[in-house]
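Colleague: First to last, the protein sequences are chains Y and H.
Note that the first sequence covers residues 1 to 250 in our numbering.
Note that the second sequence covers residues 1 to 309 in our numbering.
Backbone N, C-alpha and C define an ideal beta-carbon position, used for all residues, glycine too.
Here the structure is a predicted model, which is why all the values come from computation and not from measurement.
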Amino acid sequence: MKLLVAIKRVVDYNIKVRPKADGSDVDIATVKMSINPFDEVAVEEALRLREAGIATEIVAVAVGTAQSQDVLRHALAMGVDRAILVETDAVTEPLATAKLLKAVVQREQPQLTLIGKQAIDDDAAETGQMLAALLNVGQGTFASKLELTADRVVVTREISGGQEKVSLPLPAVITTDLRLNEPRYVKLPNLMQAKKKPIETLKSSDLGVDQAPRLKLLRVAEPPARAPGIKVSSVSELLQKLRDEAKVLP
Amino acid sequence: MTILIVAEHDHHELKPATRSAVTAATALGGDIHLLITGHGVDKVAQAAAKVQGVTRVRVVDDLAYAHGLPENLAPLLVRIAPDYTTVMAAADSFGKNLLPRVAALLDVAVVSEITQIVDQNTFVRPIYAGNLNATVQTTDAIKVLTVRATSFPAAPDGGVAAIDTLPTTGDAGLSAWLSTEIQPTDRVELSTARVVVSGGRALGSAEQFQQVLAPLAAKLNAALGATRAAVDAGYAPNEWQVGQTGTVVAPDLYIAVGVSGAVQHLAGMKDSRVIVAINHDPDAPIFQWADYGLVADLFETVKELEHNL
Ligand SMILES: Cc1cc2nc3c(=O)[nH]c(=O)nc-3n(C[C@H](O)[C@H](O)[C@H](O)COP(=O)(O)OP(=O)(O)OC[C@H]3O[C@@H](n4cnc5c(N)ncnc54)[C@H](O)[C@@H]3O)c2cc1C
């Protein structure tokens, strides 16, 4: 069975981002970039399905600038078989990304497509659902467990207050939650080897997809600062403050 | 301008988050219709008709909708969306699962998890785990929005809307529901609790998490929350996780116990009205967000706090 994993290059999760001086966008010019952590979970899950003898081939695909090669190399170093870059200089919104991924899915014909449930830059949590819609297949979103057979996948989903299980015929699209697994550590020799592996590049403009943005970004700003807090020295002082000053306790 | 809100409910009551979406829609202006889907939804339709601001309740009753499967609901929404300028839902697991699927089929964008309405086409939404706010404007003919419930108060009762029924689009055959497990809780629900007591990795075990935090939560009539580190370590169930990937809360009082204050955790609680942090490390980042910080060992402090309440 063939699996496709979609990954995104995003600002590393340890970085605290700031707006550009003119507030027009996020300033990411010089910050460290990494594979989106939720997508890394998707790659790991695909590798485990191959190790369990269920998957036979794993193709990683990224939509982004030429620099997205580095996250594809990370996926290759983790162990995926092939990598495809859909190259575009524009930042694609989830809808455009889903359309580009659809073109790749139609070419590659995977039984299952895995993608992180959200990217930690826009936090949109939309692309997987949009891809499933465009492909007219079932979606198993926010997945914390997968049970795959030859023609169906049973997905345990994280929902408000608990869990839900759904069964989807293949092909299907899965979006992965952090709880699904813990991604393996990439060893340096594997990274070095992955540097030599070929990455197939498709120009996004060749895929016949409408990528025009639908949203106009007007402004990026830090949220209003909270009034500075204080340190209290004892439990009794804390209780007094909560009662008399904050008035959150009777 | 007419707005359609896709309601979430348990077949008895509307979810409070749906009422928050109604409040957001009221700010947009125009007629507000609530869509109730499910199987045997009379009772919840009656309840929906009483929500202040709702002008019409539209009901579609079919077993295919009983579990909110997006594969079945999306075709229904695609059929009725052209009657509306805006399609909305709360940004919880139901709305986030469904609306992007609907938007893609309508070939429009989603403005997800909006926290503020600037004007009819312009919205503020958090990005980068709430580190930044983006103001975005839609250019699509039909706006598809999800609303962060903690940013808008729940609409109260007080309305009298008409109810009508719409035909079903049936089962799309792309998915089957197997089971739902909602963790039974004898406490208030996390997302709407007025007080939240949250524990981090420092609690050390599931037993200590319960022994130390549960009595305090009980006395304060609070919901229990947890960091992802605490959940991963098995100290607390996943449903309690507060943060970028967990539940977003904004209670009157948030007490963070042995929580370091990583951005991903802050993303879920920094809009709380009053934040208290108890941590033995004076440099823990949580103190930059706490209104009241107590540098102390949690195992001594929390008991003392509970006894003196
Ligand atoms: C993509 C992504 C998404 C994430 N989403 C979330 C999310 O939704 N929610 C979330 O919470 N995290 C999330 N995380 C994890 C987050 O980055 C942190 O790792 C996590 O919040 C840390 O949890 P913690 O504060 O319990 O643990 P730690 O960072 O280990 O902090 C424990 C704290 O307890 C203090 N302490 C220890 N012993 C005591 C004692 N006896 N008395 C008092 N204080 C003590 C320590 O000083 C320390 O500050 C996410 C991470 C990633 C990469």
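I need the DSSP call for L215/Y, collapsed to helix, strand or coil.
Modeller: L215/Y: strand per DSSP, three-state reduction.
Colleague: Is it buried or exposed for Q139/Y, if we count other Cβ within 10 angstroms and need 16 for buried?
Modeller: Per the 10 Å Cβ criterion, buried.
Colleague: Less than 8 Å between the CB atoms is what I'm expecting for A83/Y and L191/Y, so what's the real figure, rounded?
Modeller: Not confirmed; about 14 Å, so no contact.
Colleague: Once you ignore the five residues that flank P171/Y on each side, which residues in its own chain have a CB closer than 6 Å to its CB?
Modeller: Once the five neighbours on either side are set aside, the close Cβ partners of P171/Y are Q111 and V137.
Colleague: For G62/H, which option in K43/H, R56/H and G38/H has the closest C-alpha, if you only look at C-alpha atoms?
Modeller: Before going further, note that residue 62/H is Asp rather than Gly in the sequence given. Of the candidates K43/H, R56/H and G38/H, the one whose C-alpha sits nearest the C-alpha of D62/H is G38/H.
Colleague: Using a Cβ cut-off of 8 Å (strictly closer), state whether S236/Y contacts chain H.
Modeller: Yes, S236/Y lies at the interface with chain H (some Cβ there is under 8 Å from its Cβ).
Colleague: Does the beta carbon of I120/Y come closer than 8 Å to any beta carbon on chain H?
Modeller: So, interface residue.
Colleague: Suppose the cutoff is 6 Å on Cβ atoms and the five residues either side in sequence are ignored; what does the same chain contact list for W240/H look like?
Modeller: Only L224, G225 and A226 meet the Cβ criterion.
Colleague: Would Q385/H pass as an interface residue toward chain Y - the criterion being a Cβ-Cβ separation below 8 Å?
Modeller: Outside the modelled stretch of chain H, which goes from 1 to 309, sits residue 385/H, for which no answer is possible.
Colleague: Could you tell me which whole beta strand (DSSP E) segments of length 3 or greater appear in the segment 91-168 of chain Y?
Modeller: You should have 112-116, 138-148 and 152-159.
Colleague: So which of H74/Y, V248/Y, D12/Y and P37/Y has the shortest CA-CA distance to K252/Y?
Modeller: Outside the displayed span of chain Y (1 to 250) sits residue 252/Y, for which this structure offers no information.
Colleague: Please tell me whether, using a cut-off of 7 Å, the distance from the CB of P37/Y to the nearest non-hydrogen atom of ligand 1 is below it.
Modeller: Yes - ligand 1 has a heavy atom lying nearer than 7 Å to the Cβ of P37/Y.
Colleague: If you measure from the CB of H349/H, is any heavy atom of ligand 1 nearer than 7 Å?
Modeller: Past the edges of chain H, shown from 1 to 309, lies residue 349/H, and the structure says nothing about it.
Colleague: To which residues of the same chain is L220/H closer than 6 Å at the C-beta, ignoring the five residues directly before and after it?
Modeller: Cβ within range, chain order: V195.
Colleague: Just the C-alpha distance for V5/Y and V59/Y, rounded to the nearest angstrom, thanks.
Modeller: The alpha-carbon atoms of V5/Y and V59/Y are separated by roughly 6 Å.
Colleague: Could you check whether the Cβ of P171/Y sits closer than 8 Å to any Cβ belonging to chain H?
Modeller: No, P171/Y does not count as interfacial toward chain H.
Colleague: In or out: V251/Y buried (at least 16 other Cβ within 10 Å) or exposed?
Modeller: Residue numbering for chain Y in the displayed model covers 1 to 250; residue 251/Y lies beyond these limits and cannot be assessed.
Colleague: Quick one: any contact between the segment 146-160 of chain Y and the segment 79-99 of chain Y, if contact means 3 or more CB pairs under 8 Å?
Modeller: The segment 146-160 of chain Y vs the segment 79-99 of chain Y: no contact.
Colleague: Roughly how many whole angstroms lie between the Cα atoms of L134/Y and A104/H?
Modeller: Approximately 7 Å, taken between the alpha carbons.
Colleague: Using the three-state DSSP reduction, which class does M192/Y fall into: helix, strand or coil?
Modeller: If DSSP states are grouped into helix, strand and coil, M192/Y belongs with the helices.
Colleague: V295/H and N279/H: beta carbons closer than 8 Å?
Modeller: Result yes, Cβ atoms of V295/H and N279/H sit closer than 8 Å.
Colleague: Taking DSSP as the reference, what is the three-state secondary structure of W177/H?
Modeller: DSSP places W177/H in strand when its eight states are reduced to three.
Colleague: Could you check the C-alpha separation between K8/Y and A217/H for me, to the nearest Å?
Modeller: Each residue's alpha carbon lies about 40 Å from the other.
Colleague: Per the contact definition of three or more C-beta pairs closer than 8 Å, is the segment 136-147 of chain H in contact with the segment 195-215 of chain Y?
Modeller: Flag = yes, the segment 195-215 of chain Y and the segment 136-147 of chain H touch.
Colleague: Quick one: what's N279/H bridged to in DSSP?
Modeller: Partner(s): V295/H.
Colleague: Could you spell out where the alpha helix (DSSP H) holding K96/H opens and where it closes?
Modeller: It spans S93 to L106 - the alpha helix (DSSP H) in which K96/H sits, taken as one unbroken run.
Colleague: Just the C-alpha distance for E44/Y and P37/Y, rounded to the nearest angstrom, thanks.
Modeller: Taking the straight line from one Cα to the other gives about 11 Å.
Colleague: Under a Cβ-count criterion, where at least 16 other Cβ atoms within 10 Å of its own Cβ denotes burial, should R79/H be classed as buried or exposed?
Modeller: It is exposed - the Cβ of R79/H has fewer than 16 other Cβ atoms within 10 Å.
Colleague: Does any C-beta atom of chain H lie closer than 8 Å to the C-beta of R179/Y?
Modeller: True, the Cβ-Cβ gap to chain H drops below 8 Å.
Colleague: Can you list, in chain order, the residues of the segment 127-158 of chain H whose Cβ is nearer than 8 Å to any Cβ on chain Y?
Modeller: Hits within the stretch, in order: I127, Y128, A129, G130, N131, L132, N133, A134, T135, V136, Q137, T138, T139 and D140.
Colleague: Taking the alpha carbon of V160/H as the reference point, which residue from Q52/H, E71/H and L99/H has its own alpha carbon closest?
Modeller: Considering only alpha carbons, the answer is Q52/H.
Colleague: Using only the alpha-carbon positions, how far apart do R101/H and A233/H sit?
Modeller: Computed Cα separation, rounded: 34 Å.
Colleague: Got a sec: does ligand 1 put a non-hydrogen atom nearer than 7 Å to the Cβ of Y128/H?
Modeller: Every heavy atom of ligand 1 is 7 Å or more from the Cβ of Y128/H, so no.
Colleague: Name the DSSP beta bridge partners of Q137/H, please?
Modeller: Partner(s): K216/Y and T122/H.
Colleague: Taking the alpha carbon of V80/Y as the point to measure from, which residue in D244/Y, A62/Y and L242/Y has its own alpha carbon closest?
Modeller: For the residues D244/Y, A62/Y and L242/Y, the minimum Cα distance to V80/Y belongs to A62/Y.
Colleague: Hey, V188/H and L77/H: beta-carbon distance below 8 Å or not?
Modeller: In this structure, L77/H does not lie closer than 8 Å to V188/H by Cβ.
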